[in-house]
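Asker:
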Amino acid sequence: MDSQIRKMLRDYHATSDFGLLPKISHLLRREGIVVTQPLATKKMRLPDSNNPDFEEIISCSISDDSSLFATLSRLRSGVVVLHLWNAFTGDLIKEYKHTIQEAIFVNSQTLLCIGLQSIFLQNLTNGNILDIERAEKARPFIYRYCFNKTSNELFYERRATDTDVGFVVLGPEGPVLIARIVNITTGHHVQLTGNFYPDKSSGRSHSADPVFLSGNTIMVSTLASDYTDTLQIYSTITGDLLQQIVPPSEVRSFAVSPDETMCMILSRIYNYQGGQLVGSNDQYCLYDLKSGDILHTKTVRGAVSVCKFSPDSSQILIGIDLPIVGRSQWSYRSQEIPILMLIDATTGTQRILMISPSREDSQVHGVSTGPMVRSISFADFLNGGESIISGEIISRKLSSSLRIWDSKSGEELSKFGELEGHINCCSISNDSTRLIAGSTKKLRDAEGIGWMGGRYSHEPLQNVLEMWYLGP
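Here it is in C-alpha cells:
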C-alpha cells in the first residue's frame, strides 16, 4: 500500500476527521485496491431521542453533492422534526418542525417537503417557505407523488376541491382525484387527461408510485372504470395519454429500465376454490415498452418485496419472501425465507444471491444456519452495478444488518452495520460512497409490565441513526 495512503489512514484514526476520507477513497481507487468493509462509521446523536414524545425516524435523504443529508423524525404528537446534517462530520446543522412525510433534496440549498396536506419548498439558507399546494382542511389531501431531479418536475395526485373548475368533489365511488405535474422552478403545471378512479379502501387511484421517463413522458399506474389495473404513459407537456399497457393481474409495483426499453411489473394473482380465497402468488412480467410484448414472465411462490434494474439495464434485482411451513411439537407455524435473486434481462435466467435456511434445510443441504433472516428491508446496486447492497431484519436478535455482494459472482463481500431494531429508512449517495440508515427498536418497560393482547401498552423506543463511508 502506498505510503501516502498509510499516512492518511493514521491521521484519520488519530483525528477521526471525515474530511480525509474522500482523499483516502480517491487514492485507493487509483491504486486499484478493493475495499470490502466501510472505511468509517459514525453514529449520530438525535437531539430529541431522550424525549418520551419521540417516536421513530421515518425518512432520510442525501444531497446530490453528498455534502448534506436530511432526516425526518416523528413525534407522538404528530409533529415531524426535520434535521439537517453535515455529511462529512455528522454534525447537526439545523432543525425544522413541520407536518410532512418526506423531504427530497432539490439542490444543496433547497428541500422539497411533501405531507398529507401540503407540498412546499424549504430554503435551507434563509429558512423561507414557498407553497406549491396546501389544503384548507386538516384531512388527507395529497396522495401519490414522485420527483424528477433532472427536469425539476413533480408529479402529485390530490383530492379535487370546490375551487377546481369542471370537477365535482365527490363521485359515486368517493373523492375525485386530480393528477398534476408542476415544474418547481418555473411554476408551470399541466393536468393529466383521463379519469383517475379512486380505490374504495385507500381513497387513491393506485398504490404503485409513478416513474418519470425521458422525452417528457411519465408512466402512471391507475385503475380503469372496471377497476382493472392499467399502466399509462402520459406527456408531461400536454398531459395527453400516449400509450397504455394492461397487465394480466393486479399491479403491486413496477420499475423501468434506465435505457427505458423495458418495464418490470410485479403483480399479485389470487387463488380461489369454491368462491373462497385460499392463497395468492406474485408474478413478475418483463415488458418491451416499444411493442408492449412480454419478454419474460414467471410466477413465484411468495411475495416480491424489491425490484431494481442495474444501471446498464442488463440485470434485474428482486427480493422474494418465500413462505414455508415449519412443524413444531404443538402446531404448524408459517415462516418466510427471504432471498435475493438476479434475473438476466436478455435470457431470463435466474441466480440466487442470498438465502437464509431453516434448521431443517441446513441439515438436508449441509449448510450452516446462522441467524434467521426475517425479511429484506431494502436492496440496491452500488458502484455502477458492480456490487449490490442489501439490508435484512434478523428475527433471532430482532436487529438489522447490511451486506454487500458481488453482482457478477454472487459472492458475499462483507457484512456490517448491525443495528438494533428494524431499518425504517435508508439512503445511498449518488457516488455510492455514503450510506445512512435509521432504525427503531421497541423496548419492554423497565418494570417488565405492559404486555396486553400481544402488544405492549407502553412501548419505550430506541432510535439509532448511523452513517457509513463505503469508500471507492
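Under the numbering used here, residues 62 to 533 are what the sequence shown spells out, in order.
For every residue, glycine included, the Cβ atom is placed at its ideal position computed from N, Cα and C.
Computed from a predicted model, the values in this text were never measured in an experiment.
Leaving out five residues on either side along the sequence, give the residues of the same chain with a beta carbon under 6 Å from the beta carbon of E163.
Answerer: Along the sequence shown, read from residue 1 onward, the residue named residue 163 stands at position 102. Cβ within range, chain order: S120 and I175.
Asker: Which residue comes first and which comes last in the beta strand (DSSP E) that contains E472?
Answerer: Taking the first residue of the sequence shown as position 1, residue 472 is located at position 411. Element bounds for E472: n/a, residue is neither H nor E.
Asker: From which residue to which residue does the beta strand (DSSP E) around H483 run?
Answerer: As a working note, residue 483 is residue 422 in the sequence shown. H483 to I489 is the span of the beta strand (DSSP E), which, as asked, contains H483.
Asker: At which residues does the beta strand (DSSP E) containing N342 begin and terminate?
Answerer: Within the sequence shown, the letter at position 281 stands for residue 342. First-last of the beta strand (DSSP E) with N342: Q337 to D349.
Asker: Determine the direct distance from the alpha carbon of L526 to that of L480, and round the result to whole angstroms.
Answerer: Position 419 of the sequence shown, counting from 1, holds the residue named residue 480. Position 465 of the sequence shown, counting from 1, holds the residue named residue 526. Whole-angstrom Cα-Cα distance: 9 Å.
Asker: Pull up the DSSP beta-bridge partners for N213, would you.
Answerer: Here residue 213 refers to the residue found at position 152 of the sequence shown. None; N213 has no bridge partner.
Asker: Are the segment 353-361 and the segment 287-302 touching, with three or more C-beta to C-beta distances below 8 Å?
Answerer: No contact exists between the segment 353-361 and the segment 287-302.
Asker: Given a threshold of 16 other Cβ atoms within 10 Å of its Cβ, counted over all protein chains shown, does G151 qualify as buried or as exposed?
Answerer: Mapped onto the sequence shown, residue 151 falls at position 90. When all chains shown are included, G151 counts as buried.
Asker: Report all residues from its chain with a CB closer than 7 Å to the CB of K68; omit the five preceding and five following residues, and keep chain order.
Answerer: Along the sequence shown, read from residue 1 onward, the residue named residue 68 stands at position 7. The answer is none, since no qualifying residue turns up.
Asker: Starting from N244, follow the beta strand (DSSP E) in both directions and report where the run begins and ends.
Answerer: Looking up residue 244 in the sequence shown gives position 183. Note, N244: beta strand (DSSP E), L238 to N244.
Asker: If you run the structure through DSSP and keep just helix, strand and coil, what is D506?
Answerer: Locating residue 506 in the sequence shown gives position 445, counting from the first residue. Residue placement at D506 is flagged as unreliable, the pLDDT there being 38, under the threshold of 50; the coordinate-derived value follows with that caveat. Note: D506 maps to coil in three-state DSSP.
Asker: Hey, could you find the ends of the beta strand (DSSP E) L303 is sitting in?
Answerer: Translated into positions along the sequence shown, residue 303 becomes position 242. It spans L302 to I306 - the beta strand (DSSP E) in which L303 sits, taken as one unbroken run.
Asker: Pick out the complete beta strand (DSSP E) segments inside the segment 136-172, 3 residues or longer, and give them in chain order.
Answerer: The segment 136-172 contains these whole beta strand (DSSP E) runs: 141-147, 153-159 and 163-168.
Asker: Whole-angstrom Cβ separation of T186 and W529, contact assumed at under 8 Å?
Answerer: Residue numbering aside, residue 186 sits at position 125 when the sequence shown is read from its first letter. Residue numbering aside, residue 529 sits at position 468 when the sequence shown is read from its first letter. Contact doesn't hold; Cβ gap of about 28 Å is too wide.
Asker: By how many angstroms is the C-alpha of L133 removed from the C-alpha of K470?
Answerer: Mapped onto the sequence shown, residue 470 falls at position 409. Mapped onto the sequence shown, residue 133 falls at position 72. Checking the sequence, you will find Ser at residue 470 rather than Lys. The straight-line gap from Cα to Cα measures roughly 37 Å.
Asker: Can you give me the C-alpha to C-alpha distance between S118 and L107, rounded to a whole angstrom?
Answerer: Here the question's residue 118 lines up with position 57 in the sequence shown. Here the question's residue 107 lines up with position 46 in the sequence shown. For the record, residue 118 in the displayed sequence is Ile; it is not Ser. For I118 and L107, the distance between alpha carbons rounds to 10 Å.
Asker: Would you decide whether H144 is buried or exposed? Buried here means 16 or more other CB atoms lie within 10 Å of its CB.
Answerer: Here residue 144 corresponds to residue number 83 of the sequence shown, with the count starting at 1. Flag for H144 reads buried.
Asker: I think K369 touches F273, with their Cβ atoms under 8 Å apart; what is that distance to the nearest whole Å?
Answerer: Reading the sequence shown from its first residue, position 308 is the one you call residue 369. Reading the sequence shown from its first residue, position 212 is the one you call residue 273. Not confirmed; about 16 Å, so no contact.
Asker: Rounded to the nearest angstrom, how far is the Cβ of N485 from that of T501, given a contact under 8 Å?
Answerer: Position 424 of the sequence shown, counted from the start, is the residue given in the question as residue 485. Position 440 of the sequence shown, counted from the start, is the residue given in the question as residue 501. That belief holds up - the Cβ atoms of N485 and T501 are roughly 6 Å apart, short of 8 Å.
Asker: From the DSSP secondary-structure annotation, give me the bridge partner or partners of L443.
Answerer: The residue given as residue 443 occupies position 382 in the sequence shown. According to DSSP, which records beta bridges pairwise, L443 is partnered with S448.
Asker: So, with DSSP's three-state summary, where would you put S128?
Answerer: The residue you call residue 128 lines up with position 67 of the sequence shown. Three-state DSSP puts S128 in coil, outside helix and strand.
Asker: Report the three-state DSSP secondary structure of S375 (helix, strand or coil).
Answerer: For the purposes of this step, residue 375 is taken as the residue at position 314 of the sequence shown. Correct three-state label for S375: coil.
Asker: Per DSSP, K103 is paired with what?
Answerer: Taking the first residue of the sequence shown as position 1, residue 103 is located at position 42. Bridge partners of K103: M528.
Asker: Let me confirm a value: V237 is counted as buried when at least 16 other C-beta atoms fall within 10 Å, else exposed. Which label applies?
Answerer: Residue numbering aside, residue 237 sits at position 176 when the sequence shown is read from its first letter. With 16 or more other Cβ atoms within 10 Å, it is buried.
Asker: With a CB to CB cut of under 6 Å and the five nearest residues on each side skipped, what residues in its chain are close to E218?
Answerer: Position 157 of the sequence shown, counted from the first residue, corresponds to residue 218. Cβ neighbours of E218 beyond the five flanking positions: Y204, R205, L238 and A240.
Asker: Quick check on the DSSP output: the beta strand (DSSP E) that includes S296 runs from which residue to which?
Answerer: Within the sequence shown, residue 296 is the residue found at index 235, counting from 1. Where S296 is concerned, the enclosing beta strand (DSSP E) stretches over D290 to S296.
Asker: Starting from I193, follow its DSSP beta bridges and name the residues at the other end.
Answerer: What you label residue 193 is simply residue 132 of the sequence shown in a count that begins at 1. Partner(s): none; I193 has no beta bridge.
Asker: Can you give me the start and stop residues for the beta strand (DSSP E) that N277 sits inside?
Answerer: Numbered from 1 along the sequence shown, position 216 holds the residue referred to as residue 277. Where N277 is concerned, there is no enclosing beta strand (DSSP E), given that its DSSP letter is neither H nor E.
Asker: Could you tell me which of S375, E194 and S475 sits nearest to D320, measuring between CA atoms?
Answerer: Looking up residue 320 in the sequence shown gives position 259. The residue with the shortest Cα to Cα distance from D320 is S375.
Asker: Between I306, G409, I245 and G276, which has its C-alpha nearest S282's C-alpha?
Answerer: Residue 282 sits at position 221 when you count from the first residue of the sequence shown. Out of I306, G409, I245 and G276, I306 has the C-alpha closest to the C-alpha of S282.
Asker: Which residues in the same chain have their Cβ closer than 6 Å to the Cβ of V339, if we skip the five residues on either side of it in sequence?
Answerer: Translated into the one-based positions of the sequence shown, residue 339 becomes position 278. Result list for V339: N332, in chain order.
Asker: Please name the residue or residues paired with E453 in a DSSP beta bridge.
Answerer: As a working mapping, residue 453 is identified with position 392 in the sequence shown. Looking at the DSSP assignment, E453 forms a beta bridge with I437 and S462.
Asker: Can you tell me where the beta strand (DSSP E) with N187 in it begins and where it stops?
Answerer: Locating residue 187 in the sequence shown gives position 126, where the first residue counts as 1. Unbroken run through N187: none, as it is neither H nor E.
Asker: Should N184 be labelled buried (16 or more other beta-carbon atoms within 10 Å of its own) or exposed?
Answerer: Walking along the sequence shown from the start, residue 184 turns up at place 123. Exposed, because fewer than 16 other Cβ atoms sit within 10 Å of the Cβ of N184.
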